[in-house]
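Colleague: Following this message is one structure expressed as structure tokens.
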Amino acid sequence: MRLKDKVAIITGAANGIGLAAAKTFAKEGAKVALADFDEATGTQRATELSEEGFEVAFFQVNVADRSSVDAMVQKVLGQYEKIDILVNNAGITRDGMLHKLAVEDFQKVVDVNLTGVFNCAQAVVPAMVQQGSGKIINTSSVSGVYGNVGQTNYAATKAGVVGMTKTWAKELGRKGINVNAVAPGFIETGMTAKVPEKVLEQMKMMVPLGRLGLPEDIANAYLFLASDESNYINGTTLHVDGGIMM
Ligand code: CAA
Ligand code: NAI
690 MRLKDKVAII TGAANGIGLA AAKTFAKEGA KVALADFDEA TGTQRATELS EEGFEVAFFQ
750 VNVADRSSVD AMVQKVLGQY EKIDILVNNA GITRDGMLHK LAVEDFQKVV DVNLTGVFNC
810 AQAVVPAMVQ QGSGKIINTS SVSGVYGNVG QTNYAATKAG VVGMTKTWAK ELGRKGINVN
870 AVAPGFIETG MTAKVPEKVL EQMKMMVPLG RLGLPEDIAN AYLFLASDES NYINGTTLHV
930 DGGIMM
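Take the sequence shown: its position 171, counted from the start at 1, is 860 in the working numbering, and no numbers get skipped.
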């Protein structure tokens, strides 16, 4: 087991990539805190995983709200006594062409995808520093590295995540904490289900592997960066996109 007795917080774990990661981590022996805004789905998924014999629990959180994040982290520490891994996976889109993008939609995406990542990392770091070890994995995107039509707000946040990842890798490396990012390509989840069919076809044509990714493809990359196998990897952005970025 690659994560035996490790305690992991995965944000956005009620659905999509985060849920796949929760299952993957739990199968590898981790105690997983599924942290999500979506209480109904998150509670149901945590119950299902518990019934399969995994040690998981749901924690309601709005990553954009600092007091909500602090409360979630305190509850996780209360239940599991330590935090070894944080996967900053929660994210949203509010797509629109630059000339039509509402300021509110720009700000909302920044609040969740950028401030939310900052909030969660800052909230877990004291516990990780105290124990002298930790792994933080941030979720970027091909859109943040490559740009994407209709995603001014989202691309800005996902590029920002890469900048924060490198900064924290430099700040926290000597404290025993590795910080890395994963930049997924186009993955089959609720997020891509909203993309118009014609655009989705264009996306598939960009991928040398000829298909969209599966949530498990990203969960496996998170697992690698959360495990001891990646102990000398710090500050990197791992592109898991079927070869779009090369
Ligand atoms: N790549 C290339 N072309 C795109 C595009 C994209 N991502 N998105 C839109 N276009 C093109 C359309 O095909 C269309 O072309 P034509 O004028 O030749 O028909 C043109 O841009 C205008 O598009 P719409 O007519 O759809 O314009 P709209 O104002 O009604 O809607 C939009 C704009 C909301 C951006 C809509 O096109 C859309 O949702 N596009 C998809 C945006 C996208 O790629 N989102 C990714 C979501 S998945 C994700 O974010 C995960 C991740 O990290 C990658
Ligand atoms: P999804 O929409 O399936 O799941 C996102 C989860 O985040 C949901 O459970 C939602 O409730 C939760 N969430 C949203 N706002 C929240 C908040 N304020 N606080 C707590 N939880 C919140 O999305 P998906 O596809 O699983 O995306 C996961 C991550 O991967 C996101 O950061 C996304 O930007 C990123 N990503 C996704 C890609 C894709 O093609 N699906 C490609 C590249 C990156």
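Idealized CB from N, CA, C, for every residue including glycine.
Note that the structure is a prediction, hence the values are computed from the model and not measured.
1) Would you tell me roughly how many angstroms separate the C-alpha atoms of Ala816 and Met935, rounded to the nearest one?
2) Thinking C-alpha only, which one of Gln840, Glu860, Pro873 and Gln820 is nearest Val696?
3) Do Ile774 and Leu861 count as a contact pair if the criterion is CB distance below 9 Å?
4) Does the distance between the C-beta of Ser832 and the nearest non-hydrogen atom of the ligand CAA fall short of 8 Å?
5) What separation, rounded to the nearest whole angstrom, lies between the Cα atoms of Val868 and Ala858?
6) What number of angstroms, rounded off, separates the C-alpha of Leu898 from the C-alpha of Gln763?
7) Can you give, in chain order, each stretch of the beta strand (DSSP E) that sits fully within the region 787 to 843 and has at least 3 residues?
8) Our contact map puts Asn842 next to Phe795 with C-beta atoms below 8 Å; I'd like the distance itself, whole angstroms only.
9) Report the three-state DSSP secondary structure of Asp727 (helix, strand or coil).
10) Of the choices Ala735, Val896 and Ile781, whose alpha-carbon is the least far from that of Ser829?
11) To the nearest angstrom, report how far apart Met892 and Asp930 are at their CA atoms.
12) Could you tell me which residues DSSP pairs with Pro873 in its beta bridges?
13) Would the beta-carbon of Phe795 be found less than 8 Å away from any heavy atom of the ligand NAD?
14) Return the CA-CA distance between Ala715 and Val776, expressed in angstroms with no decimal places.
15) Is Arg900 buried or exposed, if buried means 16 or more other CB atoms sit within 10 Å of its CB?
16) Considering Cα atoms alone, identify which of Ala779, Val834 and Met786 is closest to Cys809.
17) Skipping 5 residues on each side, what residues in its chain have a beta carbon closer than 7 Å to that of Gly839?
18) Can you determine whether any heavy atom of the ligand CAA sits closer than 8 Å to the C-beta of Thr926, and answer yes or no?
19) So Ala702 packs on Asp725, CB below 8 Å; how close in whole Å?
20) If we ignore side chains and look at the alpha-carbon of each, how far apart do Arg734 and Ile698 end up?
21) Roughly how far, in whole angstroms, is the beta-carbon of Glu877 from the beta-carbon of Leu903, given that I think they are within contact range, below 8 Å?
22) Beta carbon of Thr854: closer than 8 Å to some heavy atom of the ligand CAA?
23) Contact defined as beta carbons within less than 8 Å: I believe Gly833 pairs with Ala872. What is the distance between those atoms, to the nearest angstrom?
24) At the level of alpha carbons, what is the spacing between Val818 and Lys864?
25) Taking Cβ to Cβ, would you say Ala709 is nearer than 9 Å to Leu723?
Modeller: Answer, in terms of the structure:
1) Looking up residue 816 in the sequence shown gives position 127. Looking up residue 935 in the sequence shown gives position 246. Approximately 37 Å, taken between the alpha carbons.
2) Taking the sequence shown and counting its residues from 1, one reaches residue 696 at position 7. Among Gln840, Glu860, Pro873 and Gln820, the Cα nearest to that of Val696 is on Gln820.
3) Position 172 of the sequence shown holds residue 861. Position 85 of the sequence shown holds residue 774. The criterion of a C-beta distance shorter than 9 Å is not satisfied by Leu861 and Ile774.
4) Residue mapping note: residue 832 aligns to position 143 of the sequence shown, counting from 1. Inclusion of Ser832 in the 8 Å shell around the ligand CAA follows from its C-beta lying nearer than that to a non-hydrogen atom of the ligand.
5) In the sequence shown, the residue the question calls residue 868 occupies position 179. In the sequence shown, the residue the question calls residue 858 occupies position 169. Approximately 5 Å, taken between the alpha carbons.
6) Position 209 of the sequence shown holds residue 898. Position 74 of the sequence shown holds residue 763. One C-alpha to the other measures close to 42 Å.
7) Complete beta strand (DSSP E) runs here, min 3: 823 to 828.
8) As a working note, residue 842 is residue 153 in the sequence shown. As a working note, residue 795 is residue 106 in the sequence shown. Between Asn842 and Phe795 the beta-carbon gap is near 4 Å, inside 8 Å, which marks them as a contact.
9) Taking the sequence shown and counting its residues from 1, the one referred to as residue 727 is at position 38. In the structure shown, Asp727 sits in coil (DSSP, three-state: anything other than H, G, I, E or B).
10) For the purposes of this step, residue 829 is taken as the residue at position 140 of the sequence shown. Looking only at Ala735, Val896 and Ile781, the smallest Cα-Cα distance to Ser829 is reached by Ile781.
11) If you number the sequence shown from 1, residue 892 lands on position 203. If you number the sequence shown from 1, residue 930 lands on position 241. Separation of Met892 and Asp930 (C-alpha to C-alpha, rounded to the nearest whole angstrom) is 11 Å.
12) Counting from 1 along the sequence shown, the entry for residue 873 is found at position 184. Bridge partners of Pro873 according to DSSP: Val929.
13) The ligand NAD is absent from the structure shown, which contains only the ligand CAA and the ligand NAI.
14) Taking the sequence shown and counting its residues from 1, the one referred to as residue 715 is at position 26. Taking the sequence shown and counting its residues from 1, the one referred to as residue 776 is at position 87. Cα to Cα, Ala715 sits roughly 14 Å from Val776.
15) Looking up residue 900 in the sequence shown gives position 211. Within a 10 Å sphere around the beta-carbon of Arg900 sit fewer than 16 other beta-carbons, which makes this residue exposed.
16) Counting from 1 along the sequence shown, the entry for residue 809 is found at position 120. Considering only alpha carbons, the answer is Ala779.
17) As a position in the sequence shown, residue 839 is number 150, starting the count at 1. These residues qualify, in order along the chain: Asp784, Gly785 and Met786.
18) As a first step, residue 926 must be located in the sequence shown, where it is residue number 237. Between the ligand CAA and Thr926, a heavy atom-to-CB distance of less than 8 Å is absent.
19) Against the sequence shown, residue 702 aligns to sequence position 13. Against the sequence shown, residue 725 aligns to sequence position 36. Right, their Cβ atoms sit about 5 Å apart.
20) Taking the sequence shown and counting its residues from 1, one reaches residue 734 at position 45. Taking the sequence shown and counting its residues from 1, one reaches residue 698 at position 9. Just so you know, the alpha carbons of Arg734 and Ile698 end up roughly 15 Å apart.
21) Working through the sequence shown from its first residue, we reach residue 877 at position 188. Working through the sequence shown from its first residue, we reach residue 903 at position 214. In this structure Glu877 touches Leu903 by the C-beta definition: roughly 6 Å separates them, less than 8 Å.
22) If you number the sequence shown from 1, residue 854 lands on position 165. No, the ligand CAA has no heavy atom inside 8 Å of this Cβ.
23) Numbered from its first residue, the sequence shown carries residue 833 at position 144. Numbered from its first residue, the sequence shown carries residue 872 at position 183. About 7 Å; that satisfies the 8 Å criterion.
24) One-based indexing of the sequence shown puts residue 818 at position 129. One-based indexing of the sequence shown puts residue 864 at position 175. Spanning the two alpha carbons is a distance of roughly 6 Å.
25) Along the sequence shown, one-based indexing puts residue 709 at 20. Along the sequence shown, one-based indexing puts residue 723 at 34. For Ala709 and Leu723, no; Cβs fall outside 9 Å.
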